[in-house]
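Per the numbering used here, the very first residue in the sequence shown carries number 16; after that it's consecutive. Yeah, the Cβ is synthetic: ideal placement off N, Cα and C, and Gly gets one too. Fair warning: this is a prediction, and the values are worked out from it, not measured in the lab. As structure tokens, the structure follows; a few thoughts come after it.
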Amino acid sequence: MVQAEKANRFITFDGIEGCGKTTQLRLAEAWLRARGLPVLATAEPGGAALGLKIREILLNRNSFRIGPEAELLLFSAARAQHVAETILPALQSGSWVLCDRFTDATVAYQGFGRGIDLQIIQTINAFSSQGLKPALTVLFDLPVETGLARARKRASNGHPEKAEDRFEQEDIHFHNLVRNGYLRLAKESPGRFRIVDAVGPPDEIEHEVRQILETFIFRKGESQ
Ligand SMILES: Nc1ncnc2c1ncn2[C@@H]1O[C@H](COP(=O)(O)OP(=O)(O)OP(=O)(O)O)[C@@H](O)[C@H]1O
Ligand SMILES: [Mg+2]
């Protein structure tokens with residue numbers, strides 16, 4: 016198992032569709048690199064060869080059914096490999112790891128969204144992640160209509176299909192369950208979560224994310 020001190024370098028960006036996770040993660044990666052830190056940026060589902068195969072399966076919208084239980088296990092199988100093959104070795108080598116979605120997404124989507132028992136999800140999450148928890152989670156929050164509109168605009172701009180597109184097909188009610196699930200998680204773990212209002216322009220949000228990372232990474236010692 017990775018040492019506790021190194022696991023403190025595990026940071027996740029999470030939130031509903033189109034909230035800006037990937038945009039902000041790339042900006043944060045570049046900024047931290049420019050500050051001279053070793054950084055690995057990675058994303059779920061994916062990040063390892065098996066994850067990419069599973070992502071293809073999850074993409075498959077119409078030709079076969081994927082029930083909630085199978086969906087949970089497919090995401091979890093992808094995570095298990097991602098953690099073992101990519102995230103833990105990077106942490107072990109002393110890198111900061113920025114991960115686009117992690118276990119909170121499973122709680123929000125499969126738990127609050129699909130209605131799978133939260134205790135079961137917690138057990139499966141602990142197993143698939145080998146007990147690894149983010150030290151910091153930046154939650155990008157915005158109305159689901161805004162996030163979905165951004166995601167649709169992106170799709171119409173010719174970007175490739177993504178696994179999450181299965182979720183984009185869900186109704187507004189589902190996405191509100193997911194959004195409220197994330198907010199509930201943040202409320203339950205205020206020490207780990209930072210909520211960012213994701214409605215404004217990208218550079219404003221980038222500024223806020225930098226401040227959060229600045230405090231978390233560079234000024235940690237000062238506040239203790
Ligand atoms: N603050 C912003 N204001 C307006 N548009 C934005 C903003 N941030 C990102 N976008 C655009 O909205 C779309 C969705 O952003 P992005 O892909 O970063 O979101 P995401 O949270 O990673 O979405 P998904 O959950 O679907 O992966 C992109 O086309 C992106 O360029
Ligand atoms: Mg994304």
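query	result
Straight-line CA distance for PHE233 to LEU106?	18 Å
On the DSSP bridge assignment, give the partners of GLY30 in chain order.	PHE155
Under three-state DSSP, which class holds LEU55?	strand
Less than 8 Å between the CB atoms is what I'm expecting for SER110 and ARG24, so what's the real figure, rounded?	7 Å
To test your reading of the DSSP string, which unbroken alpha helix (DSSP H) runs of 4 or more residues are found completely within the stretch 88-144?	103-107, 118-121, 133-143
Return the chain-ordered list of same chain residues with a C-beta closer than 8 Å to the C-beta of THR101, the five sequence neighbours on each side being excluded.	LEU55, THR57, GLY62, ALA63
Cα separation between LEU198 and SER204?	10 Å
What is the DSSP secondary structure of ARG209, counted as helix, strand or coil?	strand
Taking only heavy atoms of ligand 1 into account, decide whether any of them is closer than 8 Å to the Cβ of GLU84.	no
Pairing CB atoms from the stretch 160-173 with CB atoms from the stretch 136-150, are three or more of them under 8 Å?	no
Per DSSP, what kind of secondary structure is PHE79 in: helix, strand or coil?	coil
Is the beta carbon of THR6 within less than 8 Å of some heavy atom of ligand 2?	The chain is shown only over 16 to 239; residue 6 falls outside these bounds and no answer can be derived.
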